[in-house]
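Novice:
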Amino acid sequence: MVLESSADYLLPWTVILIVLSVLYGLWSKNIRSTPRRAMVDLSKVDTSNPLVNRHVQKEDIRLDSVTVSKILIHPLKSCRGTSVPEARYTPRGLQYDREWCIIDAETHDVLTARTLASTVLVHPRLEIDPNHPYGGFMIVDVPKASGDSGYTSFSVPIKPTPDVLASWPHITDVAMFKVDIMDGYIVQPLKPSDPNPHHILSAYFKRDVLLMMKGPEDRYAEGTDAFPTLEAYVKYQDAYPLLIASEESLQAINDAKDRAVDADDTDPSKVSGIKKDKWNKRKIEIERFRPNIVLKGAGVPFAEDLWREISVGNSEQSITVVCRCARCLLPNVDTKTGERDTAVPYKVMMKFGIDRTRSNKPMFGCNGVPEGNGVIRVGDRVTVKEWIEEVA
Numbered sequence: 001m002v003l004e005s006s007a008d009y010l011l012p013w014t015v016i017l018i019v020l021s022v023l024y025g026l027w028s029k030n031i032r033s034t035p036r037r038a039m040v041d042l043s044k045v046d047t048s049n050p051l052v053n054r055h056v057q058k059e060d061i062r063l064d065s066v067t068v069s070k071i072l073i074h075p076l077k078s079c080r081g082t083s084v085p086e087a088r089y090t091p092r093g094l095q096y097d098r099e100w101c102i103i104d105a106e107t108h109d110v111l112t113a114r115t116l117a118s119t120v121l122v123h124p125r126l127e128i129d130p131n132h133p134y135g136g137f138m139i140v141d142v143p144k145a146s147g148d149s150g151y152t153s154f155s156v157p158i159k160p161t162p163d164v165l166a167s168w169p170h171i172t173d174v175a176m177f178k179v180d181i182m183d184g185y186i187v188q189p190l191k192p193s194d195p196n197p198h199h200i201l202s203a204y205f206k207r208d209v210l211l212m213m214k215g216p217e218d219r220y221a222e223g224t225d226a227f228p229t230l231e232a233y234v235k236y237q238d239a240y241p242l243l244i245a246s247e248e249s250l251q252a253i254n255d256a257k258d259r260a261v262d263a264d265d266t267d268p269s270k271v272s273g274i275k276k277d278k279w280n281k282r283k284i285e286i287e288r289f290r291p292n293i294v295l296k297g298a299g300v301p302f303a304e305d306l307w308r309e310i311s312v313g314n315s316e317q318s319i320t321v322v323c324r325c326a327r328c329l330l331p332n333v334d335t336k337t338g339e340r341d342t343a344v345p346y347k348v349m350m351k352f353g354i355d356r357t358r359s360n361k362p363m364f365g366c367n368g369v370p371e372g373n374g375v376i377r378v379g380d381r382v383t384v385k386e387w388i389e390e391v392a
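Structural data, given as structure tokens:
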């Protein structure tokens with residue numbers, strides 16, 4: 001009898017171990033990347049009372065009529081947004097969106113309307129010129145510091161040349177929420193005789209501030225419960241590349257506001273602190289929530305909460321809906337006056353339920369991550385490619 005060599009004997013087991021190792025790697029990767037499902041049975045959700053639960057069943061949604069109704073770009077963070085008929089996008093969000101921000105000159109903290117409501121009255125306008133060496137200019141209209149009517153304006157290049165960028169100080173300690181550290185260029189006048197952004201903005205805010213343009217360093221978006229290993233990058237957005245909302249969801253908030261205006265002290269629709277005379281005929285505008293993509297046509301509110309992956313128009317690129325958006329008090333700031341309301345819409349949104357995993361905040365809209373480059377246009381049809389099974 002001829003005995004097999006030890007090498008011949010071990011070879012099949014080596015192959016088996018390699019195959020098992022590969023299979024385990026693929027399985028574990030799929031487990032890490034598969035969205036976690038919240039343990040709520042949508043079939044048992046009562047949608048008749050929006051003050052109790054905000055969710056709908058996907059069978060209620062009119063999928064054949066969901067379209068893009070508005071596109072909003074906010075070039076200068078926390079300042080007035082601009083409605084556009086179309087916009088290019090990359091995995092980092094809409095082109096020009098949140099590419100600039102205002103920071104405290106000493107601490108380098110990003111200033112937003114959360115703490116500085118008058119930020120919303122600063123109006124950036126994009127004058128795009130593909131034939132210009134700088135790609136055009138962002139014109140920024142700042143209310144006069146004297147309190148007189150009118151604006152003081154300055155302009156900055158949209159796409160500074162390498163020579164221009166080399167002349168601007170580059171810093172790496174721009175802070176968002178005290179913990180998220182980013183880089184950026186301190187924007188300078190192109191010529192000494194040009195209006196100085198820092199002088200104009202500092203006079204308006206009555207504090208020393210700097211205008212920043214996002215630098216080249218990657219800023220990572222945090223993973224979500226559904227995508228703990230998320231690989232996404234952002235500019236000066238709060239957290240994710242895109243914010244998506246719908247007209248139907250906004251209407252639900254406005255309907256709840258109207259009920260609160262009419263409610264007496266025993267009515268569960270009551271909202272404490274609401275100024276009934278002020279809100280009797282006023283509507284909450286979508287601009288307060290600072291979305292990028294506004295949709296309409298689903299026929300029910302909060303349909304977007306049920307989507308995991310969508311595509312827009314004829315694009316083959318998908319947008320992954322990574323999480324709902326937890327809201328702060330910023331939408332309480334009137335975008336036309338800069339005045340902060342004590343109740344609307346924050347306390348109204350609390351009637352629709354809160355996310356107990358995210359500081360007990362109300363939710364409105366969803367955060368999205370594009371998988372590639374493309375163009376989105378008003379009127380584009382939205383296709384739902386994947387649903388989440390359940391929503392918290």
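Start counting the sequence shown at 1; every next residue gets the next number (UniProt numbering).
All C-beta atoms, glycine included, are put in the ideal place defined by N, C-alpha and C.
1. In chain order, what residues of the same chain lie with their CB nearer than 6 Å to the CB of SER118, ignoring the 5 residues before and after it?
2. Can you tell me where the beta strand (DSSP E) holding MET182 begins and where it ends?
3. Mind checking who ALA123 pairs with in its DSSP beta bridge?
4. Measuring CB to CB, does TRP279 end up less than 8 Å from VAL344?
5. Looking only at its chain, what residues have a beta carbon closer than 7 Å to the beta carbon of CYS325, apart from the 5 residues adjacent to it on each side?
6. May I ask you to report which of helix, strand or coil DSSP gives TRP168?
7. Would you tell me roughly how many angstroms separate the C-alpha atoms of ASP384 and PRO162, rounded to the nearest one?
8. Just curious, the alpha helix (DSSP H) that TYR346 is in, first and last residue?
9. Could you pull the start and end residues of the beta strand (DSSP E) that VAL322 belongs to?
10. Check the C-beta distance from LEU126 over to THR82 and give it rounded, since I have them as a contact under 8 Å.
11. Grab me the residues of GLU247's own chain with a C-beta within less than 8 Å of its C-beta, minus the 5 sequence neighbours each way, in chain order.
12. Does the pairing of the segment 226-242 with the segment 76-92 give three or more beta-carbon distances under 8 Å?
13. Please state if the CB of VAL110 and the CB of VAL187 are separated by a distance shorter than 8 Å.
14. So, for ILE61: in the same chain, excluding its five sequence neighbours on each side, which residues have a beta-carbon less than 7 Å away from its beta-carbon?
15. Can you tell me whether ALA113 is buried or exposed, with buried defined as 16 or more other CB within 10 angstroms of its CB?
16. How do the segment 312-321 and the segment 263-279 stand: do at least 3 beta-carbon pairs fall below 8 Å, yes or no?
17. Under the rule that 16 or more other beta-carbon atoms within 10 Å means buried, what is TYR220, buried or exposed?
18. With distances taken from CA atoms, which of TYR204, PRO85, VAL179 and LEU72 is nearest ILE102?
19. Hey, PRO241 and ARG88: beta-carbon distance below 8 Å or not?
20. Within 8 Å (strictly less), CB to CB, does VAL122 reach chain C?
21. For SER167, collect the residues of the same chain with a Cβ closer than 7 Å to its Cβ; drop the 5 residues on either side in sequence, then sort them by chain order.
Specialist: Result, derived from the coordinates:
1. Sequence index remark: in the sequence shown, residue 118 carries index 118 (1-based). GLY338.
2. To locate residue 182, count along the sequence shown from 1; it is residue 182. Where MET182 is concerned, the enclosing beta strand (DSSP E) stretches over 180-186.
3. Mapped onto the sequence shown, residue 123 falls at position 123. Note on residue identity: the sequence assigns His, not Ala, to residue 123. Its beta-bridge partners are ASP141.
4. In the sequence shown, the residue the question calls residue 279 occupies position 279. In the sequence shown, the residue the question calls residue 344 occupies position 344. Taking 8 Å as the cut-off, the beta carbon of TRP279 is found closer than this to the beta carbon of VAL344.
5. Within the sequence shown, numbered from 1, the residue matching residue 325 stands at position 325. So the list reads LEU243, MET363, PHE364, GLY365, CYS366 and ASN367, once near-sequence residues are dropped.
6. What you label residue 168 is simply residue 168 of the sequence shown in a count that begins at 1. Under the three-state reduction of DSSP, TRP168 is assigned to coil, being neither helix nor strand.
7. Numbered from 1 along the sequence shown, position 384 holds the residue referred to as residue 384. Numbered from 1 along the sequence shown, position 162 holds the residue referred to as residue 162. One detail in the question is off: residue 384 reads as Val in this sequence, not Asp. Straight-line Cα distance between these residues: approximately 41 Å.
8. On the sequence shown, residue 346 is found 346 positions in, with the first residue counted as 1. For TYR346, the enclosing alpha helix (DSSP H) covers residues 346-349.
9. Counted from its first residue, the sequence shown places residue 322 at position 322. For VAL322, the enclosing beta strand (DSSP E) begins and ends at 319-326.
10. Walking along the sequence shown from the start, residue 126 turns up at place 126. Walking along the sequence shown from the start, residue 82 turns up at place 82. The C-beta distance from LEU126 to THR82 rounds to 7 Å, short enough to fall under 8 Å.
11. Numbered from its first residue, the sequence shown carries residue 247 at position 247. In the same chain as GLU247, and ignoring 5 residues on each side of it, the C-beta atoms closer than 8 Å to its own belong to SER69, ILE286, VAL294, LEU295 and LYS296, in chain order.
12. Yes, the segment 226-242 touches the segment 76-92.
13. Sequence index remark: in the sequence shown, residue 187 carries index 187 (1-based). Sequence index remark: in the sequence shown, residue 110 carries index 110 (1-based). No; because the gap between Cβ atoms is not below 8 Å, this pair is not in contact.
14. Position 61 of the sequence shown holds residue 61. So the qualifying residues of the chain are ALA298, GLY299, VAL300 and ALA303.
15. Position 113 of the sequence shown, counted from the first residue, corresponds to residue 113. Per the 10 Å Cβ criterion, buried.
16. Taking 8 Å as the limit for Cβ pairs, the verdict is that the segment 263-279 does not touch the segment 312-321.
17. Counted from its first residue, the sequence shown places residue 220 at position 220. Exposed: under 16 other Cβ atoms inside 10 Å.
18. Walking along the sequence shown from the start, residue 102 turns up at place 102. Per the Cα distances, TYR204.
19. Walking along the sequence shown from the start, residue 241 turns up at place 241. Walking along the sequence shown from the start, residue 88 turns up at place 88. Inclusion of PRO241 and ARG88 in the CB contact set at 8 Å is not warranted, their separation being larger than that value.
20. Looking at the structure shown, chain C is missing, and only one protein chain is on hand.
21. Against the sequence shown, residue 167 aligns to sequence position 167. Result list for SER167: GLN188, in chain order.
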